Amino acid sequence: MRALEIIRAGVRTTVQDLGRPGYAHLGVSRSGALDAGALRRANRLAGNPPGAAGLEITLGGLRARATGALTLALTGAPCPITVGRRPADPELPLAVPAGAVIEIGHATAGLRAYLAVGGGIAVPPVLGSRSTDTLSGLGPAPVRDGDVLPVGPVTAPPPGVDVAPHPPPPAALCLRVWFGPRDDWFTAAARHTLLSAEYRVSPQTDRVGARLTGPALDRAVDGELPSEGLVLGAIQVPADGQPLVFLADHPTTGGYPVIGVVDPSDVDRLGQARPGTPVRFSPAAAR
Amino acid sequence: MQVRRAGPSAILIELPGTEAVSAAYELLTGLRERGDLTAADIVPAARTVLLDGVPDPDRVFRLLPRDLTPAAEPDGQNTTITITTRYDGEDLDDVARLWGTDRAGVIAIHTGTAFRVAFCGFAPGFAYLTGLGPRHHVPRRPTPRTRVPAGTVALAGPYSGVYPTASPGGWQLIGRTRAALFDLDRDPPALLTPGATVRFVEEA
Numbered sequence: 001m002r003a004l005e006i007i008r009a010g011v012r013t014t015v016q017d018l019g020r021p022g023y024a025h026l027g028v029s030r031s032g033a034l035d036a037g038a039l040r041r042a043n044r045l046a047g048n049p050p051g052a053a054g055l056e057i058t059l060g061g062l063r064a065r066a067t068g069a070l071t072l073a074l075t076g077a078p079c080p081i082t083v084g085r086r087p088a089d090p091e092l093p094l095a096v097p098a099g100a101v102i103e104i105g106h107a108t109a110g111l112r113a114y115l116a117v118g119g120g121i122a123v124p125p126v127l128g129s130r131s132t133d134t135l136s137g138l139g140p141a142p143v144r145d146g147d148v149l150p151v152g153p154v155t156a157p158p159p160g161v162d163v164a165p166h167p168p169p170p171a172a173l174c175l176r177v178w179f180g181p182r183d184d185w186f187t188a189a190a191r192h193t194l195l196s197a198e199y200r201v202s203p204q205t206d207r208v209g210a211r212l213t214g215p216a217l218d219r220a221v222d223g224e225l226p227s228e229g230l231v232l233g234a235i236q237v238p239a240d241g242q243p244l245v246f247l248a249d250h251p252t253t254g255g256y257p258v259i260g261v262v263d264p265s266d267v268d269r270l271g272q273a274r275p276g277t278p279v280r281f282s283p284a285a286a287r
Numbered sequence: 001m002q003v004r005r006a007g008p009s010a011i012l013i014e015l016p017g018t019e020a021v022s023a024a025y026e027l028l029t030g031l032r033e034r035g036d037l038t039a040a041d042i043v044p045a046a047r048t049v050l051l052d053g054v055p056d057p058d059r060v061f062r063l064l065p066r067d068l069t070p071a072a073e074p075d076g077q078n079t080t081i082t083i084t085t086r087y088d089g090e091d092l093d094d095v096a097r098l099w100g101t102d103r104a105g106v107i108a109i110h111t112g113t114a115f116r117v118a119f120c121g122f123a124p125g126f127a128y129l130t131g132l133g134p135r136h137h138v139p140r141r142p143t144p145r146t147r148v149p150a151g152t153v154a155l156a157g158p159y160s161g162v163y164p165t166a167s168p169g170g171w172q173l174i175g176r177t178r179a180a181l182f183d184l185d186r187d188p189p190a191l192l193t194p195g196a197t198v199r200f201v202e203e204a
């Protein structure tokens, strides 16, 4: 069976596909690739359906061996890559001969690179998804040195491409925000602050959420908010007033008010934002 | 009932209480089963139901009945799930004191209550069970325990719950069960799903 032998897993590598939506009422997070667009692109370049499982490699730094001939594609955070010691191109299909070693260097920008393998990583699915959910521990364990990851059967040849255009991870983010569902729990000044102040991505950022630091968002309503359902991109504001934007492994319910929701089409870019990245919010639509 | 927008593809329906949430959840999942509503997730919680993955939230606004609260109790056709429990939790005496009774009194009240799964959250398969009267609501522990074993039966605020996996937790621990709360080989994997009726029985 064709497989990818992991020689060195890097800082944090997990198997991810497009996640397991539809189970939030049972307390199961959606999970899935943090930069879903990059995973889809990698899959397209490798000849896979969009939802095939690949590797999410945080900050790069992975070394692996192909046990058989494989097609690979690396997208997302730009990283140098060599195949059998020869420099290769990210964002293009790569033909890897049996036995060749793939070396992915450290990301020069962004946070998360995606490696798709023609046929997809074929670990057993859990509730219809092969994603590692870091919050609840569902799905495969994070990838470790020495793991041998099975690869599924190829379903289509890789596309013939010379150039796959893609924007580099931005140095500063502007995220479109929809106010609500609990913006009325905040002062008018807090709503104004959210749209005018600059925040920065905190080092306390993981697959569950991106914490931001900046001016505190003051509450107009004191007291506790009973648990309620959360969506991807929800900007939850805990007691300290510092916003936290929920990413793929977010919990299904929370107890702090959500002042607004980052437009889903902007969440991928937040998933690529390194600690210290400036973040601004702009209105997605009039209330 | 108030309907709030939660981004471009979700709405949060606010309801007067947990009974209304159960009724609305039943109604909305029914609409989805019949094909009258498209939503990737329907998530009941303490006072709200979230509809997420809704292609056209404005259409759902128009589709929702004015009053989601039915006059009658939700139908009692649900099968009752029984959870066999050994009442030997570390906080059993504290709960007895809070309730002004003894250990046997706590067991009688807990086993005598028809609980309902109001919602799930916190961890896969963790169900918030309502049914205890206001007199029997208890505060959380002042300091959460760093590890509560899987299968622990516990109380906090208006809720009773069972930890599906070992985790930190601040609830008052009253007993433990061997029931599998979350089993990936089962469909649905959660033993306790929103709307289900639950009874605890003392292990013989």
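Sequences listed follow chains W and X, in order.
For the first sequence, position 258 (counting from the first letter as 1) is numbered 258 according to the working numbering, and the numbering increases by one without interruption.
For the second sequence, position 139 (counting from the first letter as 1) is numbered 139 according to the working numbering, and the numbering increases by one without interruption.
Note that CB positions come from ideal geometry on N, CA and C, so glycine has one too.
Note that the structure is predicted; figures quoted are calculated from it, not measured.
Counting only C-beta atoms, is W:TRP185 closer than 9 Å to chain X at any point? Closer than 9 Å: no.
C-alpha gap between X:THR177 and X:PRO194, whole angstroms: So the alpha carbons of these two residues sit roughly 20 Å apart.
Listed by chain order, chain W residues near X:ASP41 by CB distance under 9 Å: Residues of chain W with a Cβ closer than 9 Å to the Cβ of X:ASP41 are, in chain order, PRO21, GLY22, TYR23, ALA24, HIS25, ARG30, GLY229, VAL231, THR252.
Measure the CB-CB distance between W:PRO87 and W:PRO78 and report whether it falls below 9 Å. Contact: no.
Let me know the beta strand (DSSP E) ranges lying completely inside the stretch 81-141 of chain W, each 3 residues or longer, listed in chain order. List check, beta strand (DSSP E) in window: 81-83, 86-88, 94-96, 101-106, 112-117.
Spatial distance of X:LEU28 from W:TRP178 (CA atoms): About 24 Å.
Spatial neighbours of W:GLY105 within its chain, please: CB distance less than 6 Å, with the 5 preceding and 5 following residues excluded, ordered by chain position. Contacts found: GLY60, CYS79, PRO80.
Which residues of chain W have a Cβ atom closer than 7 Å to the Cβ of X:PRO188, listed in chain order? Result: LEU26.
Taking Cβ positions, are W:ALA24 and X:VAL138 nearer each other than 9 Å? It is not a contact, given that the beta carbons lie outside the stated cut-off.
What ranges does the beta strand (DSSP E) occupy inside the stretch 156-192 of chain X, keeping only unbroken runs of at least 3 residues that lie completely in it? Unbroken beta strand (DSSP E) stretches of 3 residues or longer found wholly inside the stretch 156-192 of chain X: 159-162, 167-169, 172-177, given in chain order.
Among W:ILE7, W:VAL154, W:GLY233, which has the Cα closest to the Cα of W:ALA53? Of the candidates W:ILE7, W:VAL154, W:GLY233, the one whose C-alpha sits nearest the C-alpha of W:ALA53 is W:VAL154.
Counting only beta-carbon separations shorter than 9 Å, does W:ALA285 have a partner in chain X? Chain X, which has a Cβ nearer than 9 Å to the Cβ of W:ALA285, makes this yes.
Between which residues of its own chain and W:PRO243 is the CB-CB distance below 6 Å, once the five residues before and five after are set aside? Excluding positions up to five away in sequence, the list reads LEU212, ILE235, VAL237.
With DSSP as the reference, please indicate the residues paired to X:THR152 in a beta bridge. DSSP output for X:THR152 lists X:ARG176 as bridge partner(s).
Can you check DSSP and say which residues form a bridge with W:PRO150? For W:PRO150, which the question treats as bridged, DSSP gives the partners W:ALA3.
Relative to the C-alpha of X:GLY7, which residue among X:LEU50, X:GLU14, X:CYS120 is closest? Ranking X:LEU50, X:GLU14, X:CYS120 by Cα distance to X:GLY7 puts X:LEU50 first.
Closest to W:THR75 by CA distance: which of W:GLY214, W:ALA36, W:PHE246 is it? Looking at the Cα atoms, W:ALA36 is the closest of the given residues.
Using a threshold of 9 Å, state whether the C-beta atoms of W:LEU324 and W:ALA210 are closer than that. Any property of residue 324 of chain W remains undetermined from this structure, which presents chain W solely from 1 to 287.
Thinking just about the alpha-carbon of each residue, which of X:ALA96, X:ARG62, X:ASP67, X:GLN172 is nearest to the one in X:VAL106? Considering only alpha carbons, the answer is X:ALA96.
In angstroms, rounded to a whole number, what distance separates the CA positions of X:GLN172 and W:HIS250? Between the C-alpha atoms of X:GLN172 and W:HIS250 there is a straight-line separation of about 26 Å.
Using 9 Å as the limit for Cβ to Cβ distance, is X:SER22 near chain B? In summary, chain B is missing from the structure at hand, where the protein chains are W and X.
Please report whether the beta-carbon of X:GLY206 lies at a distance below 9 Å from any beta-carbon of chain W. It is not possible to answer for residue 206 of chain X, since the shown part of chain X is limited to 1 through 204.
Local Cβ density within 10 Å of X:LEU63, reported as buried at 16 or more and exposed below that: Burial call: exposed.
Given a cut-off of 9 Å on the beta-carbon distance, is the pair W:THR82 and W:VAL11 in contact? In this structure, W:VAL11 does not lie closer than 9 Å to W:THR82 by Cβ.
In DSSP terms, what X:GLU14 is bridged to: The partner list for X:GLU14 (beta bridge, DSSP) reads X:GLN2, X:THR48.
Can you list the residues of chain X that W:PRO140 reaches, using a CB-CB cut of under 8 Å? Listed along chain X, no residue sits closer than 8 Å to W:PRO140 by beta-carbon distance, the nearest being about 13 Å off.
Once you ignore the five residues that flank X:ASP94 on each side, which residues in its own chain have a CB closer than 7 Å to its CB? In chain order, GLN172 place their CB closer than 7 Å to the CB of X:ASP94, counting only its own chain and leaving out the 5 sequence neighbours on each side.
Per-residue burial, X:ARG116 [other beta carbons within 10 Å of its own, 16 or more giving buried]: Burial call: buried.
Assuming W:ARG299 and W:PRO278 form a contact by the criterion Cβ under 8 Å, report the distance between their Cβ atoms to the nearest whole angstrom. Coverage of chain W is limited to positions 1 through 287, which leaves residue 299 of chain W absent and any answer about it impossible.
Where DSSP assigns a beta bridge to W:GLN16, which residues make up the other side? Per DSSP, W:GLY54.
Is DSSP giving X:PRO194 helix, strand or coil here? Three-state DSSP puts X:PRO194 in coil, outside helix and strand.
Residue nearest to X:GLY17 in terms of C-alpha spacing, selected from X:THR130, X:LEU181, X:THR152, X:THR84: For X:GLY17, the nearest C-alpha among the options comes from X:THR130.
Can you look up W:LEU247 in the DSSP assignment and give me helix, strand or coil? Residue state, collapsed to three classes: coil.
Does the ligand HEM have even one heavy atom less than 8 Å from the beta-carbon of W:ASP266? This structure lacks the ligand HEM; in fact it carries no ligand of any kind.
Interface flag, W:ALA234 vs chain X, CB-CB below 9 Å: At a cut-off of 9 Å between beta-carbon atoms, W:ALA234 makes contact with chain X.
For W:THR205, I'd like the list of residues in its chain whose CB is within less than 7 Å of its CB, leaving aside the five on either flank, ordered along the chain. Hits under 7 Å: ARG211, PRO275.
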